[in-house]
Amino acid sequence: MRSRTPDRLCAEAVELARQAAVESVGAEVVGEHLVARAEAERVVTHTFECLDPAYRGWRWAVTVARAPRAKVVTLDEVVLLPGPDAVLAPEWVPWSERLRPGDMGPGDLLPTDADDLRLEPGWTGDDEPGAAGAELFDREDDLVVSDPHVQPAPARAQIGAVADELGMSRPRVLSRLGLHLAADRWEKTHGPQTPMAQSAPATCTSCGFLIPIGGSLGQAFGVCGNEFGPADGQIVSLAYGCGGHSEAAVLPAPPVPAELILDETVVEPLHLHPDRAGGSVEPDAPAEELGHS
Numbered sequence: 001m002r003s004r005t006p007d008r009l010c011a012e013a014v015e016l017a018r019q020a021a022v023e024s025v026g027a028e029v030v031g032e033h034l035v036a037r038a039e040a041e042r043v044v045t046h047t048f049e050c051l052d053p054a055y056r057g058w059r060w061a062v063t064v065a066r067a068p069r070a071k072v073v074t075l076d077e078v079v080l081l082p083g084p085d086a087v088l089a090p091e092w093v094p095w096s097e098r099l100r101p102g103d104m105g106p107g108d109l110l111p112t113d114a115d116d117l118r119l120e121p122g123w124t125g126d127d128e129p130g131a132a133g134a135e136l137f138d139r140e141d142d143l144v145v146s147d148p149h150v151q152p153a154p155a156r157a158q159i160g161a162v163a164d165e166l167g168m169s170r171p172r173v174l175s176r177l178g179l180h181l182a183a184d185r186w187e188k189t190h191g192p193q194t195p196m197a198q199s200a201p202a203t204c205t206s207c208g209f210l211i212p213i214g215g216s217l218g219q220a221f222g223v224c225g226n227e228f229g230p231a232d233g234q235i236v237s238l239a240y241g242c243g244g245h246s247e248a249a250v251l252p253a254p255p256v257p258a259e260l261i262l263d264e265t266v267v268e269p270l271h272l273h274p275d276r277a278g279g280s281v282e283p284d285a286p287a288e289e290l291g292h293s
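So in the UniProt record's numbering, spot 36 of the sequence shown is number 36, and the numbers just go up one at a time.
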């Protein structure tokens, strides 16, 4: 049990503790003596300021002790410990909690726990049927096939083989919790509360580019198939919307050019000549008007 009062001889062994720290790390990084703290009966830790700029706020901790009824103080250990103002690394977080969407790259593997709450068994039951099923398949007369061209039936049925034949080959599927988590993620990225949906002219329920999906999530989500939309190929809420809605705006029909009109009326050309005096343009006068009669 730790004593509140440091042992007198151990507490007075400041120089012994300093010498041990200097021999371990060098005199240039050992600062002044800060405090002596009792760790246990006749066990005291002396702390010295750390002058290493890379460990600002840290302290050198030198632990000394003495045996019962002994007058000689001995050295236990020298370590570097953080002080109240020390710069520390952030608390370690498991990789499974640090992982974020988009972190996986080619070749990466993401294992899932056997008891992952987001998953549940795709089918239930033992590998082999119960007593009733066993009795049924133990009847050899029902399993004998005389025709060599007919594939014989298996000696015993297995749940995995039956599930695979029925299209239920996935050992685990999304649980109710997994479905809710997926729906919450999709609602945040492409849901009705996003700025894009708030300014959209209509929702995806009436959009021709919406691709329906099956399952229970198909009642609230679909896939966008508009290559020019912001969510092309993404799962979108039926209440989502964007400016690429198929019925938001219809392009006006191109204008029809007017019918070509041909004017076949013959018009005599009007000959013009510049006026000699003022440079104005006047039509040529007939010959009789010019005195040529």
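No residue lacks a Cβ here, since even glycine has one placed at the ideal position from N, Cα and C.
Original post:
If we call anything under 8 Å between Cβ atoms a contact, is V44 one with A38?
Top reply: Judged by beta-carbon spacing, A38 lies within the 8 Å limit of V44, meaning their Cβ atoms are closer than that value.
Original post:
What is the DSSP secondary structure of D138, counted as helix, strand or coil?
Top reply: For D138, the predicted model reports a pLDDT of 47, less than 50, meaning its position is unreliable and no value from the coordinates is stated.
**OP:** Identify every residue that forms a DSSP beta bridge with H33.
**Re:** Beta-bridge pairing links H33 to F48.
**OP:** Kindly indicate the opening and closing residues of the beta strand (DSSP E) around L179.
**Re:** L179: not part of any beta strand (DSSP E); member of the alpha helix (DSSP H) spanning R176 to H190, first to last residue.
Original post:
beta strand (DSSP E) containing A65: first to last residue?
Top reply: First-last of the beta strand (DSSP E) with A65: W58 to A65.
**OP:** Could you tell me which residues DSSP pairs with D232 in its beta bridges?
**Re:** DSSP, once it has assigned bridges, lists C224 as partnering D232.
Original post:
By Cβ distance below 6 Å, which residues in the same chain neighbour V25 in space, the five residues on each side in sequence not counted?
Top reply: Taken in chain order, the list of residues that qualify is empty.
Subject >> Rounded separation between R172 and L119 - CA only >> reply: Going from the Cα of R172 to the Cα of L119 covers about 6 Å.
**OP:** Label T63 either buried or exposed according to how many other C-beta atoms from any shown protein chain fall within 10 Å of its C-beta, with 16 as the threshold for buried.
**Re:** It is buried - the Cβ of T63 has at least 16 other Cβ atoms within 10 Å.
Subject >> Inter-residue spacing [alpha-carbon to alpha-carbon] between F48 and W95 >> reply: If I take the Cα positions, the gap works out to 36 Å.
**OP:** Report yes if the CB atom of A197 is closer than 8 Å to the CB atom of H245, and no otherwise.
**Re:** In this structure, H245 does not lie closer than 8 Å to A197 by Cβ.
Original post:
Are the beta-carbon atoms belonging to P192 and Y240 less than 8 Å from one another?
Top reply: Yes. Within cutoff.
Original post:
To the nearest angstrom, how far is it from the Cα of L110 to the Cα of D116?
Top reply: Near 13 Å, if we compare the C-alpha coordinates of D116 and L110.
Original post:
Where do the N-terminal and C-terminal ends of the beta strand (DSSP E) with V78 fall, by residue?
Top reply: It spans T74 to P82 - the beta strand (DSSP E) in which V78 sits, taken as one unbroken run.
Original post:
Taking all protein chains shown into account, do 16 or more other C-beta atoms lie within 10 angstroms of the C-beta of P6, making it buried, or fewer, making it exposed?
Top reply: Counting the other Cβ atoms within 10 Å of the Cβ of P6 gives 16 or more, which makes it buried.
Original post:
At what residues does the beta strand (DSSP E) containing E120 begin and finish?
Top reply: From DSSP, the beta strand (DSSP E) with E120 extends over L119 to P121.
Original post:
Near V79, what residues of its chain come up, given a Cβ to Cβ distance below 7 Å and the 5 sequence neighbours on each side ignored?
Top reply: Cβ within range, chain order: A61.
**OP:** Would you check if the region 89-104 and the region 65-77 touch, i.e. whether three or more CB-CB distances between them fall below 8 Å?
**Re:** At 8 Å Cβ cutoff, the stretches do not touch.
Subject >> Between the CA atoms of A86 and R185 - distance to the nearest angstrom >> reply: In a straight line, the C-alpha of R185 is about 39 Å away from that of A86.
Subject >> alpha helix (DSSP H) segment containing P195, residue limits >> reply: Per DSSP, P195 belongs to the alpha helix (DSSP H) from P195 to Q198.
**OP:** Apply the 10 Å Cβ neighbour rule to G130 and answer buried if 16 or more other Cβ atoms are within range, or exposed otherwise.
**Re:** At G130, the pLDDT of 43 sits below 50, so the modelled position is not reliable; the number obtained from the coordinates is stated separately. Here G130 is exposed, its C-beta having fewer than 16 other C-beta atoms within 10 Å.
**OP:** Taking all protein chains shown into account, decide if I261 is buried (16 or more other Cβ within 10 angstroms of its Cβ) or exposed.
**Re:** So I261 ends up on the exposed side.
Original post:
Taking Cβ positions, are V236 and G222 nearer each other than 8 Å?
Top reply: Yes. Within cutoff.
Subject >> CA-to-CA distance, E264 to A258, given in whole angstroms >> reply: Roughly 18 Å separates the two Cα atoms.
Original post:
Which partner residues of S216 appear in the DSSP bridge assignment?
Top reply: DSSP lists no partner for S216.
Subject >> Boundaries of the alpha helix (DSSP H) in which S96 is found, first to last residue >> reply: Annotation for S96: the continuous alpha helix (DSSP H) segment containing it runs W95 to R98.
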